[in-house]
Each structure stands twice: as C-alpha cells, then as structure tokens.
Amino acid sequence: MTPPTHARAVIIGGGVIGASVAWHLTKLGWTDVVLLERKRLTSGTTWHAAGLIGQLRATANMTRLARYSAELYGGLEAETGIATGFRQVGSISVALTEARHEELLRLASMARAFGVPTEEVGPTEITDRYPHLNLDGVIGGVWLPTDGQGDPANITLAMIKGARQRGAQVFENTRVTGIRRTGDRVTGVDWEAGETSGLIACDHVVNCAGMWGREVGLMAGVPVPLQACEHFYIVTEPIAGLTQLPVLRVPDECAYYKEDAGKMMLGAFEPNAKPWALDGIPADFEFDELPPDFDHFEPILENAIHRMPMLAEAGIHTFFNGPESFTPDNAYHLGLAPGTANVWVAAGFNSVGIQSAGGAGMALAQWMEDGAQPFDLGDVDIARMQPFQNNRRYLKDRATEALGLLYADHFPYRQKATARGVRRSPLHHLLEAHGAVMGEIAGWERANWFAAPGQEREYRYGWGRQNWFENTAAEVAAIRTGVGMYEMSSFGKIRVEGPDAEAFLNRVCGNDVAVPPGRIVYTQFLNAKGGIAADVTVTRLSEDAYLVVTPAATRPADQDWLERRRGEARVAIVDVTAGEAVLAVMGPRARAVLAAASPGDFDRFPFGTAREIELGLGLARAHRVSYVGELGWAGRSMSAPTWPSTPSRR
Ligand SMILES: Cc1cc2nc3c(=O)[nH]c(=O)nc-3n(C[C@H](O)[C@H](O)[C@H](O)COP(=O)(O)OP(=O)(O)OC[C@H]3O[C@@H](n4cnc5c(N)ncnc54)[C@H](O)[C@@H]3O)c2cc1C
Numbered sequence: 059m060t061p062p063t064h065a066r067a068v069i070i071g072g073g074v075i076g077a078s079v080a081w082h083l084t085k086l087g088w089t090d091v092v093l094l095e096r097k098r099l100t101s102g103t104t105w106h107a108a109g110l111i112g113q114l115r116a117t118a119n120m121t122r123l124a125r126y127s128a129e130l131y132g133g134l135e136a137e138t139g140i141a142t143g144f145r146q147v148g149s150i151s152v153a154l155t156e157a158r159h160e161e162l163l164r165l166a167s168m169a170r171a172f173g174v175p176t177e178e179v180g181p182t183e184i185t186d187r188y189p190h191l192n193l194d195g196v197i198g199g200v201w202l203p204t205d206g207q208g209d210p211a212n213i214t215l216a217m218i219k220g221a222r223q224r225g226a227q228v229f230e231n232t233r234v235t236g237i238r239r240t241g242d243r244v245t246g247v248d249w250e251a252g253e254t255s256g257l258i259a260c261d262h263v264v265n266c267a268g269m270w271g272r273e274v275g276l277m278a279g280v281p282v283p284l285q286a287c288e289h290f291y292i293v294t295e296p297i298a299g300l301t302q303l304p305v306l307r308v309p310d311e312c313a314y315y316k317e318d319a320g321k322m323m324l325g326a327f328e329p330n331a332k333p334w335a336l337d338g339i340p341a342d343f344e345f346d347e348l349p350p351d352f353d354h355f356e357p358i359l360e361n362a363i364h365r366m367p368m369l370a371e372a373g374i375h376t377f378f379n380g381p382e383s384f385t386p387d388n389a390y391h392l393g394l395a396p397g398t399a400n401v402w403v404a405a406g407f408n409s410v411g412i413q414s415a416g417g418a419g420m421a422l423a424q425w426m427e428d429g430a431q432p433f434d435l436g437d438v439d440i441a442r443m444q445p446f447q448n449n450r451r452y453l454k455d456r457a458t459e460a461l462g463l464l465y466a467d468h469f470p471y472r473q474k475a476t477a478r479g480v481r482r483s484p485l486h487h488l489l490e491a492h493g494a495v496m497g498e499i500a501g502w503e504r505a506n507w508f509a510a511p512g513q514e515r516e517y518r519y520g521w522g523r524q525n526w527f528e529n530t531a532a533e534v535a536a537i538r539t540g541v542g543m544y545e546m547s548s549f550g551k552i553r554v555e556g557p558d559a560e561a562f563l564n565r566v567c568g569n570d571v572a573v574p575p576g577r578i579v580y581t582q583f584l585n586a587k588g589g590i591a592a593d594v595t596v597t598r599l600s601e602d603a604y605l606v607v608t609p610a611a612t613r614p615a616d617q618d619w620l621e622r623r624r625g626e627a628r629v630a631i632v633d634v635t636a637g638e639a640v641l642a643v644m645g646p647r648a649r650a651v652l653a654a655a656s657p658g659d660f661d662r663f664p665f666g667t668a669r670e671i672e673l674g675l676g677l678a679r680a681h682r683v684s685y686v687g688e689l690g691w692a693g694r695s696m697s698a699p700t701w702p703s704t705p706s707r708r
C-alpha cells in the first residue's frame, strides 16, 4: 500500500512523539492523518530509551504535561491490548548537598501544587524504600509514588495502534525527501519508499523527526535548533534476589538507576557531554548504537559502585551508547513554527521524550485543533527560539552544555558558559570597563550587575541571597534617591509602518494607539480569549509609523504574532532592534542629568511622550517612560532613520 495523495495532517517520524501526536489528533476526530517513518517505527531514539517516566519538572506547566503522560500510559494497555510494561514503581531523588536538597524540596512543593503526590523523605525512609543504597552523604530526598517506568517501544506501538484504529495511516520505510511550501503555507510532502515516490498534498505537517528535526525543519524553511548528543547507560547481568525497586536518581553523582527484570540499569548525565553527528546523521541509521566509550563512563560507574555496592559484584551485560537530541535551553520545541501557517513541531526532547510524549502530543493536537495554545506553553513554544540558534557551531557548544547541565544544580540566575558573545551592544566595552558582570539572554550580552573595584566579577550561585545582592541594592538605592543610567539596547524594536498601521495596531492591542505622533502607549497584544500575548510599549513616530518595544527574548515571537494577524493590512513589520542603542536614565534626578547633557527642554516633557533631542554632536530620541517607578527617560540613538518620515497631520 502506498501513501494517499492527500491528508489533513502528515506527521513525519514514527518515534514516541509522532505516535503520541497521531494518537491525540485521532482522539480529536482527525481521521485523515498520515504518519511517515523513514525506517521502522521506534528505530530512531525511542527504542533504546531507559523508560523512566517521572513528573518532577522545573515549571508548573511542564509538571502538568508530565503528569498527563504518566496517567495516559497507565491506561494504554487496557485501551489497546498492547503490554506497555508501564509500572507505577515510584521514584526517589536523593540529595548529597544542602543546595540539591533545597532544589528538590522546591520542585516537590511545585509538583504537589499541581496534584502530583510527593513526599519529602529522610535517610531512614530512603533506606526503607531502597535498601541497596549506601547512605554516605545522603541528606534527604523526595519520593513520588506515582512516577513510573515503562517500555518505550511498546508505549509507542500502543499509541500507533490506537491511532490506526481511529483511521490514521502509518507507513514505514517511507522517507520524507522534501516539503513544498508556498508563502507561509506548506502544500505537500514528498516521500520516497525504495523505488517508489510520491507527494501527499496536506493541510498540516508535523515535524516529529527527533534528532533529524533540524534537517526536516530546513526542508520547510523552518529553524528547529537541536543537536544530537551521546547518552550512556549500562545494564547489569541478573542480580540474585533483585526485585521491583523504585526509580532512583542521584543527580549529585550524575546517575539514575532502574531495576528491570532483576537487572540494574545505571544511566548517566555527565557534565562533559559529547555531541554526535556534527556532519549529519548517517543515512542508514536504524536501531543503531554508537561506539562505547568506557573511559568516559568510568567516573560515573566508580561513584555508582560506592553508592550501590551490589554493582561491584554484578557483571555488565550491556554497555549502551545512543544518540538523543538536545536543545539550547533544555526545553523541547512544540507548536506552530514562526513564519508559517501550518508547519508544526514536536522535537528535541532532551532525554525526557518518553515521559513528555503523552503531554506534548495532547497539547500539540489541541493547539492544532483550536488554532491557539490550550494553555500557556511558553516554556516549550518553538517561537521562543531566536533564528540564530539554528547555527550549527552554536548548537554544538550550547546544546552540549545544556545536556551537561541536566543533573547540575539549577540555581537561579545560572549563566551559560558556552557560545557567548553572539550579540553585543555598541556600549559593551564601556560596560565592561565599569566592572559589568555579563549575563546572556537571546544571544545578547547584558550587564547584569556591576562589581565594585577589587570585587571578583563572578557569580557565586546559590538558592539564598546572591553574591551580587549588595551591588544591586546600591543600584536600586541610587535610582530610588538619585539617578542611575543603564543600558537596554537588547530591547526588541519592531517598526510597524504603512497606511493601515493605526488600524492594524488598534486591532491587536488592548489600549488605544490612535494617538498623536510623539505619544507612547503602554499596552498588551491580546489573544481571542482576552489573554495577554505580549506586553509592549507602542510609540507613534508619525502618521503611519509606530515603534513597538518588547522584551529581547520575545521579539521574534511577538513579531510573528503581529505578522500572523496582519491579514490584508497595508503595513510593513520590520525588526529594527540592531538599529537603535538604548540607555535608560532613571531616578528623581534624571531630569537634571539630561538637562546637563542636552539643550532640550526636559521640564516640559510629559510622561508618555517621545521626542528628538540633541546629544553630544548627534541626535537621539528620548522616551519619557519609567521601568522603575521613578522619573525616567529611555534614550535611543538615531543611527537608523526612525523618526517621522512623513509630516504629522495631527
Ligand atoms: C540512552 C537513552 C535513554 C533515555 N531514557 C529516557 C527515559 O528514561 N525517559 C524518557 O522520558 N526519555 C528517555 N530518553 C529520551 C527519549 O528516548 C527521546 O526523547 C524520545 O525517544 C524522542 O522521541 P522522538 O519521537 O522525538 O524521536 P525518535 O524516536 O528518534 O523518532 C523520530 C523518528 O523520525 C524519523 N525520521 C527522521 N527523519 C525522517 C524523514 N525524513 N522521513 C520520515 N521519518 C523520519 C526517524 O527515523 C525516527 O524514527 C532516552 C534517550 C536515550 C538516548
């Protein structure tokens, strides 16, 4: 049988994610669904996953999705008749340091808040549940009785079976070779199966291609930033007397443990992770393993033997090394690809694809059905990615680091060490000269705080008061009582210009932007339910030009949001971020500082207005706004022609 010539949705990839999307779309009544798998089902990453199904996630919505997966898998066997191996064995995560203990307790309280049963446990209760564990250095931990483990391949096949029963068509050994796109719409998917090839015209395409996700994304002109990296585990020979145990995580030793059929599995998330297939994934990859690297794994094993002495006696049956895709921020990519009307992505699962698949598939299917996110999916929305993040050198460094941090302490304010310096403001060198300690967001280097003379310019991470607390306190006090100047060039700046600019922005903004040129309107982009899609200021530059200012990290998503709603409006929507450097001068004495620096009249300069001022030998545009609750201006250099291009009619 060959694939049909038309489908409502074509899903690319027959791993656990593609299966879940197919399952959930068909649950919603989408019967005209086709899934194409280049080799055999599960033959990419899914077949060799360890099968841990945990629910302790870093944010509320991710916890909600992981919880949904666990609940779904619990009922799959009854619904499909396929033994998924799902067992609710529970899990224990233990802390060897006070910092880790604090993190676990925080995660546990969030999990509890979202209905995941969670208990804090001390060493005695840990021994009761896990007698094989050496308690040396164990401070405490958390116990999640409803966490589980399952057989990833069979979970996938069960969802495929259910989807098929509801009308989905699944084709193995059928490779997608191209995606046809006209404007923002994909119109069809080219496939090849041995000597046969064809085209499926489709209304939607879903990229569930795992570590091939970047490559498949490019077929549709869509960046899907991810990189394959190696992931290791061992499985012992059968251990006499070993019976069902909870899953155990010892993140301080980079290790997780799973009992399976009387054998012990030990997996690692080591800090020095290894990227794989930098020149592309071999075309014949199918149920493949990567070469073992025992030297790399040995330090983990040594610690594990100390932690779980029975491992010293157990022979190693399997040393496994398999690839998995990792993203720059350790969150997977889900949703509608920016710039497109019908290209959907669910890829880059950072070694939690099994536990995430149920929730991710449910959320994506509902999003496709409604045309809107079913709830806030900002943590994983593909639109959070900046286009530059698809750069392969960047991905090699950053995705590898992200994998290395999986079992690190996830301290607040933690900065990434690799792939830095992507975007610098014109003032970067001046900030550095004044002791700036840089942080990064969306590729931008920003002065997060300023070290005092002689003070080390380093973060000392922790859960309590930060080592830069006093520095920031001094900045805040200066702005509260005097004046301070800080750099905000990373602000996203979107110029919306054209005869319909006013009508268009008034359609998408909550506030009224039909104001005279030179006025600033603080407003939100609102979705159809009245929810907030973006929080922006809109400055009217002229009769037909506006400047929308938005956070650095959300500029691509906010611009995409505008583009999607443009319709027939005669407007150009252009990113002018790089054309304007921004300095904020804030505090009760801001007026005096500006008056000393510029001949402009800062006494008669009302709040919520913007105007051109002279500064040094040049011109700037000063916006009377405040980000601190005090008097203030944000001044923008005028290297690009951003001021009225047409005379005002108001
Ligand atoms: C060693 C190891 C242990 C793991 N343990 C766990 C765990 O305990 N718990 C957990 O939650 N996660 C775990 N994971 C992660 C989990 O396995 C993955 O996140 C998950 O399998 C990803 O599923 P996927 O469907 O995105 O990718 P895949 O399973 O790789 O599926 C993608 C499919 O797309 C197909 N494809 C690609 N290109 C095309 C094309 N052009 N045309 C048609 N088809 C195409 C591929 O052939 C592939 O089958 C582990 C991973 C590894 C490596």
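For the sequence shown, position 91 (counting from the first letter as 1) is numbered 149 according to the working numbering, and the numbering increases by one without interruption. Backbone N, C-alpha and C define an ideal beta-carbon position, used for all residues, glycine too. In this text the structure is predicted, and so the values were computed from the model without any measurement.
Contact set for Ser-703: own chain, Cβ-Cβ below 7 Å, skip 5 residues either direction = Residue placement at Ser-703 is flagged as unreliable, the pLDDT there being 41, under the threshold of 50; a coordinate-derived value is accordingly withheld.
Scan the region 281-319 and note each continuous alpha helix (DSSP H) run of 4 residues or more that stays entirely inside, going in chain order.
-> The qualifying runs do not exist here; there are none.
Determine the direct distance from the alpha carbon of Ala-331 to that of Ala-698, and round the result to whole angstroms.
-> The predicted position of Ala-698 is uncertain, since its pLDDT is 44 and thus under 50; a value taken from the coordinates is nonetheless stated next. If you take the alpha carbons of Ala-698 and Ala-331, they lie about 43 Å apart.
Give, in chain order, every unbroken run of the alpha helix (DSSP H) that is at least 4 residues long and sits entirely within the region 425-456.
-> Taken in chain order, no unbroken stretch of alpha helix (DSSP H) lies wholly in the region 425-456 with a span of 4 residues or more.
Short check: CB of Ala-418 to CB of Leu-392, under 8 Å?
-> For Ala-418 and Leu-392, yes; Cβs fall inside 8 Å.
By DSSP, does Pro-614 sit in helix, in strand, or in coil?
-> In this structure, Pro-614 counts as helix in the three-state DSSP scheme.
List the whole-angstrom C-beta distance separating Ala-153 from Gly-198, where the pair is believed to meet the contact cut-off of C-beta under 8 Å.
-> Between Gly-198 and Ala-153 the Cβ distance is about 6 Å, and since that is below 8 Å, they are a contact.
Under 8 Å by Cβ, that's how I've got Leu-675 and Gly-645 pegged, so tell me the actual separation to the nearest angstrom.
-> The pair is not a contact, with the Cβ atoms about 26 Å apart (cut-off 8 Å).
What residues in its chain sit with their C-beta under 6 Å from that of Gln-447, if we drop five residues either side in the sequence?
-> So the qualifying residues of the chain are Pro-283 and Pro-386.
Kindly examine ligand 1 and report whether one of its heavy atoms sits closer than 7 Å to the Cβ of Ser-414.
-> Yes.
Considering only the beta carbon of each residue, do Ala-304 and Gly-180 sit closer than 8 Å?
-> In the sequence on display, residue 304 carries Pro and not Ala. Against a cut-off of 8 Å, the Cβ pair of Gly-180 and Pro-304 comes out as no contact.
For Tyr-315 and Met-366, believed in contact at Cβ under 8 Å, the rounded distance = 7 Å between Cβ atoms; contact.
When the Cα atoms are used, what is the spatial distance from Phe-377 to Ala-586?
-> For Phe-377 and Ala-586, the distance between alpha carbons rounds to 52 Å.
According to DSSP, what are the bridge partners of Ile-709?
-> Lying before the first or after the last residue shown, residue 709 is absent from the chain, which here runs from 59 to 708.
Quick one: using the 10 Å Cβ neighbour count with 16 as the cut-off for buried, is Gln-302 buried or exposed?
-> Label assigned to Gln-302: exposed.
Residue from Leu-453, Val-403 and Ser-409 with nearest C-alpha to Val-438 | Comparing Cα-Cα distances from Val-438 to each of Leu-453, Val-403 and Ser-409, the minimum goes to Val-403.
Any non-hydrogen atom of ligand 1 closer than 7 Å to Met-269 Cβ = Relative to ligand 1, the nearest heavy atom lies less than 7 Å away from the CB of Met-269.
Ligand 1 heavy atom lying under 7 Å from the CB of Thr-60 | No, the Cβ of Thr-60 stays beyond 7 Å of every heavy atom of ligand 1.
Could you check what DSSP says for Tyr-519 in three-state terms: helix, strand or coil?
-> In this structure, Tyr-519 counts as coil in the three-state DSSP scheme.
Using a Cβ-Cβ cut-off of 8 Å, state whether Leu-215 counts as contacting chain E.
-> In the structure shown, chain E does not exist; there is a single protein chain.
Reducing DSSP to helix, strand and coil, say where Phe-327 ends up.
-> In the three-state scheme derived from DSSP, where H, G and I count as helix and E and B as strand, Phe-327 is classed as coil.
If you compare alpha carbons, which of Gly-268, Ser-383 and Ala-251 is closest to Gln-285?
-> Checked all of Gly-268, Ser-383 and Ala-251; the closest Cα to Gln-285 is Ser-383.
In the DSSP assignment, find the unbroken alpha helix (DSSP H) run with Arg-122 in it and report its ends.
-> Per DSSP, Arg-122 belongs to the alpha helix (DSSP H) from 118-138.
Whole-angstrom Cβ separation of Glu-533 and Leu-641, contact assumed at under 8 Å?
-> Taking a contact as a CB-CB distance under 8 Å, the pair Glu-533 and Leu-641 does not count as one, their CB atoms being some 15 Å apart.
To the nearest angstrom, how far is it from the Cα of Gln-223 to the Cα of Thr-608?
-> Between the alpha carbons of Gln-223 and Thr-608 lies a distance of about 46 Å.
Every unbroken alpha helix (DSSP H) within the region 180-267, with a cutoff of 4 residues, ordered by chain = Whole alpha helix (DSSP H) segments, 4+ residues: 181-187 and 210-223.
With DSSP run on the structure shown, which of helix, strand or coil describes Ile-339?
-> Coil at Ile-339, not helix or strand.
Please state if the CB of Gly-73 and the CB of Gly-102 are separated by a distance shorter than 8 Å.
-> For Gly-102 and Gly-73, yes; Cβs fall inside 8 Å.
Burial state of Phe-407 (16 or more Cβ within 10 Å) = Buried is the call here.
Regarding Cys-266 and ligand 1, is the C-beta to nearest heavy atom distance less than 7 Å?
-> For Cys-266, the shortest separation between its Cβ and any heavy atom of ligand 1 lies below 7 Å.
Residues near Pro-432 by beta carbon distance below 7 Å, same chain, minus five either side = Around Pro-432: Ala-421, Gln-424 and Trp-425.
Measure from the alpha carbon of Pro-484 to the alpha carbon of each residue in Ala-141, Pro-175, Thr-398 and Arg-504, then state which is nearest.
-> When only C-alpha atoms are compared, the closest one is Arg-504.
Should Arg-450 be labelled buried (16 or more other beta-carbon atoms within 10 Å of its own) or exposed?
-> So Arg-450 counts as exposed.
What is the residue span of the beta strand (DSSP E) that Arg-694 lies within?
-> Element bounds for Arg-694: 690-695.
Candidates Ala-335, Ala-362 and Thr-104: closest to Val-3 by CA position | For residue 3 there is no data in the structure shown, the boundaries of the chain being 59 and 708.
Met-59, buried or exposed, once every other Cβ within 10 Å from all chains shown has been counted against 16 | Burial call: exposed.
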